[in-house]
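Asker: So that we are looking at the same thing, I have put the structure below in structure tokens.
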Amino acid sequence: MFQFWIALTAVVPSLCLDSTTMQAHLKAGEKLLGTYQASSSITSRWMSTYNDSTLVQNLNLPGTHDSLTWSVSAVLSPFVQTQDITLFQQLNNGVRFVDLRIGIVSEKLRLFHASYQLSSSVELVDIFWGLYHWLDQNPTETVLVSVKVDNGNSTAALQRQVYDLMNGPEVSDYWVHNTTLPALGDARHKLIPILRLTMDPNNIPDYKPFGLNLARGWKDNNANISIKYDYDADNNYRQVVYVEDLYNSDADDEEAAINKKYEVLTTHLNRSVATGFENTNKWYIGFASGYNGVLTTPEQLALGSTIPRTVGVNTLIRPYLQSNRGSYFGVIMFDFIGSDQRLINATLGWETSWGTKTFTVTSPILSAMIVIVASLLVF
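Per this note's numbering: the sequence shown ends with 972, consecutive numbering throughout.
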């Protein structure tokens, strides 16, 4: 199986997508996608080492929170930016769960972080086509795509557009249409929709259930969320996902915020470790990301600061993952994933003696100067 899938990692033709249209979307989306460059690293095809029968929910999946915020301008970056490498780089480095936040502007689906629009020109469809392109180059992989409304409401028009983008005849073969997580063999060269928005069948002509609908029950700023999904004909649930998503620590200072985030994340991970790889009805998603009101930016929470000296969540969590190597973590969502490749390696249960480590911590003085303006624009 391993050799078979390695052989398939050579570029394969797209699923009959028009090349001219593809190039147009890649160009239109470049500000948020980045520029695609092929990678020969095992991190771009790590799923090729797993058998088709492996359940996706039993994989350890590195993810990124607000995946498209890497190109935010410096003035607004303290509370808007949560990533430091492009979406294509994230995927090449091993990320397999991406987090997209949307809203409607002039009847088009645009990308947001909270109320801040990440680009005035890039549309959600451009991001999707960028993901199709990446899968064409890496056909052994699957990517879980979380979509959440960050600006405005989940209106009927928005729901119809999202549904059509994932179910249109030209691209439907790039999506998994199950209402639960499939086996990896059924998900290779496909995207798995994780819907954090309401999908009302009454708003969508010819609606057919698809994707994991996790909008119901996802409590705001909560460290211990459980969401039942995938109900049978008698309305009995068959699957449950446990989520740690405490994104605002509301602590007294930066160090306390980091420690609180680390505590709730490791408590969550202890539960997933105890559950183990063999479970068939439990899934885990934990967020290493967050901020602390106007006192601590996402970058400072993730990477720490030099004045005063703090150690960020990314640095703290890596030894935990290393010490539990070989255990089940589920999905771990990181901010500033490019700061240390060892975070991805440790999530996957790999050796962490190789990988880059480049910390670029925002100056607390600069953050203090622009924190009020940035927070007003975002929150």
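Even glycine gets a Cβ: it sits at the ideal position worked out from N, Cα and C.
Which residues bound the beta strand (DSSP E) around F721?
Answerer: Where F721 is concerned, there is no enclosing beta strand (DSSP E), although the alpha helix (DSSP H) it sits in stretches over L717 to Q730.
Asker: Hey, E847 and N885: beta-carbon distance below 8 Å or not?
Answerer: The answer is yes: Cβ separation under 8 Å.
Asker: What would DSSP say about H618, mapped onto helix, strand or coil?
Answerer: It is helical.
Asker: By DSSP, does P794 sit in helix, in strand, or in coil?
Answerer: Helix, per DSSP.
Asker: Based on the DSSP output, what are the partners of S670 in its beta bridges?
Answerer: In the DSSP output, where bridge partners are listed per residue, S670 has none listed.
Asker: For L858, which of helix, strand or coil comes out of DSSP?
Answerer: Reduced to three states, the DSSP call for L858 is helix.
Asker: Taking all protein chains shown into account, decide if Q563 is buried (16 or more other Cβ within 10 angstroms of its Cβ) or exposed.
Answerer: Examination of residue 563 is not possible in this model, given that the chain is present from 594 through 972 alone.
Asker: What's the call for G761, buried or exposed, on a 16-neighbour Cβ count within 10 Å?
Answerer: It counts as exposed.
Asker: Report buried or exposed for Q616, applying the criterion of at least 16 other Cβ atoms within 10 angstroms of its Cβ.
Answerer: It counts as exposed.
Asker: Tell whether a beta-carbon distance below 8 Å holds between T675 and S882.
Answerer: Contact: yes.
Asker: Could you give the residue range of the alpha helix (DSSP H) that holds M550?
Answerer: Within the shown structure, residues of the chain are numbered from 594 to 972, placing residue 550 beyond reach of any answer.
Asker: Give every residue of the same chain whose Cβ lies closer than 7 Å to the Cβ of S660, excluding the five residues on either side of it in the sequence, and list them in chain order.
Answerer: Contacts found: Q676, L680, Q683, V691, D692 and L693.
Asker: Given a cut-off of 8 Å, decide if D793 and Q752 are closer than it, judged by their beta-carbon atoms.
Answerer: Contact flag set, yes.
Asker: For the candidate residues V718, N917, V688 and L711, whose alpha-carbon lies nearest to that of L702?
Answerer: Ranking the options by Cα distance to L702, first place goes to V718.
Asker: For E734, is the classification buried or exposed, using 16 other Cβ atoms within 10 angstroms of its Cβ as the cut-off for buried?
Answerer: Buried: at least 16 other Cβ atoms inside 10 Å.
Asker: Relative to the C-alpha of L894, which residue among L790, N651 and L839 is closest?
Answerer: Of the listed residues, the one whose Cα sits closest to L894 is L839.
Asker: My assumption, with CB atoms under 8 Å, is that P802 sits in contact with V738. Please give the rounded CB distance.
Answerer: At roughly 17 Å, the Cβ-Cβ gap does not stay under 8 Å, so P802 and V738 are not in contact.
Asker: Could you tell me the boundaries of the beta strand (DSSP E) in which T735 lies?
Answerer: Taken as a continuous stretch (DSSP letters only), the beta strand (DSSP E) holding T735 covers T735 to N744.
Asker: Between which two residues does the beta strand (DSSP E) carrying F705 extend?
Answerer: Start and end: K701 to H706.
Asker: Using beta-carbon positions only, say whether V740 and I797 come within less than 8 Å of one another.
Answerer: No, these two residues do not count as a Cβ contact at 8 Å.
Asker: For L648, which residues does DSSP report across the bridge?
Answerer: Answer is A776, bridged to L648.
Asker: Please determine, among W876, G869 and S898, the residue with the shortest C-alpha to C-alpha distance to S920.
Answerer: Closest by alpha carbon: G869.
Asker: Give me the Cα-Cα distance between A621 and F929, rounded to the nearest whole angstrom.
Answerer: About 24 Å.
Asker: With V924 and G879 assumed to form a contact (beta carbons below 8 Å), what rounded beta-carbon distance in angstroms separates them?
Answerer: Going by Cβ atoms, the distance from V924 to G879 rounds to 7 Å, so yes, they are a contact pair.
Asker: Let me know the alpha helix (DSSP H) ranges lying completely inside the region 837-910, each 4 residues or longer, listed in chain order.
Answerer: Correct list: 847-868 and 891-896.
Asker: Let me confirm a value: A867 is counted as buried when at least 16 other C-beta atoms fall within 10 Å, else exposed. Which label applies?
Answerer: Under this definition A867 is an exposed residue.
Asker: How far does the beta strand (DSSP E) with L784 in it reach, from first residue to last?
Answerer: Segment K783 to R789, the beta strand (DSSP E) holding L784.
Asker: Under a three-way DSSP split, which group does A826 fall into?
Answerer: Here A826 sits in coil by DSSP.
Asker: Helix, strand or coil for V834, going by three-state DSSP, please let me know.
Answerer: The answer is strand: DSSP assigns V834 an E or B state.
Asker: So, using beta-carbon positions, are L724 and V736 closer together than 8 Å?
Answerer: Result yes, Cβ atoms of L724 and V736 sit closer than 8 Å.
Asker: Suppose you measure from the CA of L788 to the CA of N829; what does that come to, to the nearest Å?
Answerer: Rounded to the nearest angstrom, the two C-alpha atoms are 20 Å apart.
Asker: What three-state label does DSSP hand W943 in the structure shown?
Answerer: Coil, per DSSP.
Asker: Considering only C-alpha positions, which residue in the set W727, S916, V673 and R831 is nearest to R638?
Answerer: Selected option, being the one with the closest Cα: W727.
Asker: Excluding the five sequence neighbours on either side, which residues of its own chain have a C-beta within less than 6 Å of the C-beta of T613, listed in chain order?
Answerer: Correct list: empty, nothing qualifies.
Asker: Once DSSP output is grouped into helix, strand and coil, what is the label at D659?
Answerer: Residue state, collapsed to three classes: coil.
Asker: Is D757 helix, strand or coil when you go by DSSP?
Answerer: Correct three-state label for D757: helix.
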